[in-house]
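Numbering (full-length UniProt numbering), first residue to last: 1 to 309. Note sheet for the following structure.
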Ligand code: UGA
Ligand code: MN
């Protein structure tokens with residue numbers, strides 16, 4: 001009886017091996033989605049079957065335009081938490097270059113250490129906001145975004161023809177879905193999409209008809225030429241380089257008008273490219289972090305250790 005079982009086993013063994021080998025070849029040949037973020041978190045990754053056993057593939061990342069994210073940031077109790085959330089998102093996006101610009105007279109130790117361990121390509125800049133502009137009611141991060149733009153232009157000045165790239169302004173407190181990066185990656189000139197939790201409404205969005213932006217759904221200052229938050233658009237590197245004078249301006253600028261003042265230097269409403277299913281999906285949220293309660297923080301250092309928070 002035992003020898004009968006054993007001979008059956010020997011008979012089946014080669015067939016089982018063949019099936020395993022064939023399955024393995026098949027799964028390693030499965031095509032990969034071209035625009036999926038690193039780690040495959042995107043929703044358009046349907047082309048790949050559940051082939052978890054397949055060996056890691058080299059994705060065709062070299063062909064992807066680089067996404068440059070300019071993030072102004074300033075020192076406050078929640079800063080490291082905000083940057084951590086942001087890095088956790090950006091780390092999952094292929095070919096993303098993070099341009100972190102500190103609102104400070106020098107690079108801080110906290111941000112320098114953070115950048116060193118962030119695990120993604122980073123450029124760490126700094127420029128202080130002049131004290132006269134640090135007042136409620138005045139636009140924020142003007143100098144920092146301009147420093148990011150200047151770095152980008154300088155870097156590509158001597159590199160003809162410029163590598164394909166897309167720029168977007170990523171404030172440190174917003175919430176970004178991975179799908180947003182797939183959408184903005186195909187920006188030809190200037191692309192736009194809805195932003196959640198902004199303008200006193202659940203969302204603001206460009207109104208699209210026949211594939212063109214024809215107006216704005218917004219609850220706040222609908223007279224803005226581009227009634228859109230900083231998180232609602234991306235610009236191709238080409239456009240940034242071919243408009244070397246386009247910057248954020250302090251003079252005459254009011255909060256909420258920075259986006260319009262900048263966009264009207266580089267594009268027109270007719271030219272805008274609607275993303276996120278003709279601007280019907282919210283892929284980014286203008287979240288704002290609550291001011292932290294430090295009422296019980298001792299005036300002088302009491303703990304036996306010094307901890308970076
Ligand atoms: C809104 C817009 O979403 C911002 O893009 C715009 O810059 C801002 O209004 C404005 O009034 O200028 P809001 O949430 O009110 O955003 O602004 P914050 O998130 O507080 O600041 C925007 C960015 O600037 C953040 O990345 C923040 O870290 C940075 N920031 C803020 C500085 O670098 N320095 C500051 O003193 C304040
Ligand atoms: Mn914000």
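From the three backbone atoms N, C-alpha and C, an ideal C-beta is built for every residue, glycine too.
Query: Among 66, 82, 282 and 223, nearest to residue 290 - alpha-carbon criterion; Result: 82
Query: Pairwise C-alpha distance: residue 276 and residue 270; Result: 17 Å
Query: Three CB pairs or more closer than 8 Å across the region 281 to 295 and the region 187 to 207; Result: yes
Query: Whole-angstrom distance between residue 137 and residue 189, CA atom to CA atom; Result: 31 Å
Query: Spatial neighbours of residue 37 in its chain, beta-carbon cut-off 8 Å, leaving aside the 5 residues before and after; Result: With a pLDDT of 37 at residue 37, under the threshold of 50, the predicted position of this residue should be treated as unreliable, and no value is reported.
Query: Neighbour-count burial assignment, residue 176, 16 or more Cβ in a 10 Å radius; Result: buried
Query: Local conformation of residue 293 per DSSP, three classes; Result: coil
Query: Buried versus exposed call for residue 126 [16 or more other C-beta atoms within 10 Å across all chains shown]; Result: buried
Query: Distance, residue 113 Cα to residue 107 Cα; Result: 10 Å
Query: beta-carbon residue 103 near ligand 2 non-hydrogen atom, thresh 7 Å; Result: no
Query: Counterpart residues of residue 122 in DSSP-defined beta bridges; Result: 98
Query: Extent of the continuous alpha helix (DSSP H) to which residue 142 belongs; Result: 142 to 157
Query: Reduced DSSP category for residue 48 - H, G, I as helix; E, B as strand; rest coil; Result: Low local confidence applies: a pLDDT of 41 at residue 48 is under 50, so the model's placement there is unreliable, and no value is given.
Query: Inside the region 170 to 223 only - alpha helix (DSSP H) runs reaching at least 4 residues; Result: 178 to 184
Query: Identity of the residue in 234, 304 and 249 nearest residue 143 by Cα; Result: 249
Query: The region 163 to 170 contacting the region 228 to 247, beta-carbon criterion three pairs below 8 Å; Result: yes
Query: Short CB-CB distance (under 8 Å) between residue 111 and chain C; Result: In summary, chain C is missing from the structure at hand, where a single protein chain is found.
Query: For residue 68, three-class secondary structure by DSSP; Result: strand
Query: Own chain, CB closer than 6 Å to residue 255, minus 5 neighbours either side, in chain order; Result: 139
Query: Under 8 Å between C-beta atoms of residue 220 and residue 200; Result: yes
Query: Cβ-Cβ distance between residue 66 and residue 86 below 8 Å; Result: no
Query: Alpha-carbon to alpha-carbon, residue 123 and residue 309; Result: 22 Å
Query: Cutoff 8 Å; reference residue 274; Cβ partners in own chain excluding five residues on either side; Result: 191, 192, 193, 206, 208, 211, 212 and 213
Query: Identity of the residues DSSP links to residue 273 by a beta bridge; Result: 191
Query: Per DSSP, the bridge partner or partners of residue 236; Result: 166
Query: Residue 81, DSSP secondary structure in three states; Result: helix
Query: heavy atom of ligand 2 below 7 Å from residue 201 C-beta; Result: no
Query: Rounded separation between residue 292 and residue 78 - CA only; Result: 7 Å
Query: Cut-off 6 Å between Cβ atoms - residues of its own chain near residue 266, not counting five sequence neighbours on either side; Result: 239, 243 and 246
Query: Shell residues, 7 Å Cβ cut-off relative to heavy atoms of ligand 2; Result: 171, 173, 174, 286 and 288
Query: The alpha helix (DSSP H) enclosing residue 262, as first and last residue numbers; Result: 258 to 263
Query: beta-carbon residue 349 near ligand 1 non-hydrogen atom, thresh 7 Å; Result: What the structure shows of the chain is the stretch from 1 to 309, and residue 349 is not part of that stretch, so it cannot be assessed.
Query: Distance between beta carbons of residue 253 and residue 224, contact taken as under 8 Å; Result: Rounded, the Cβ-Cβ distance is 12 Å, inconsistent with contact.
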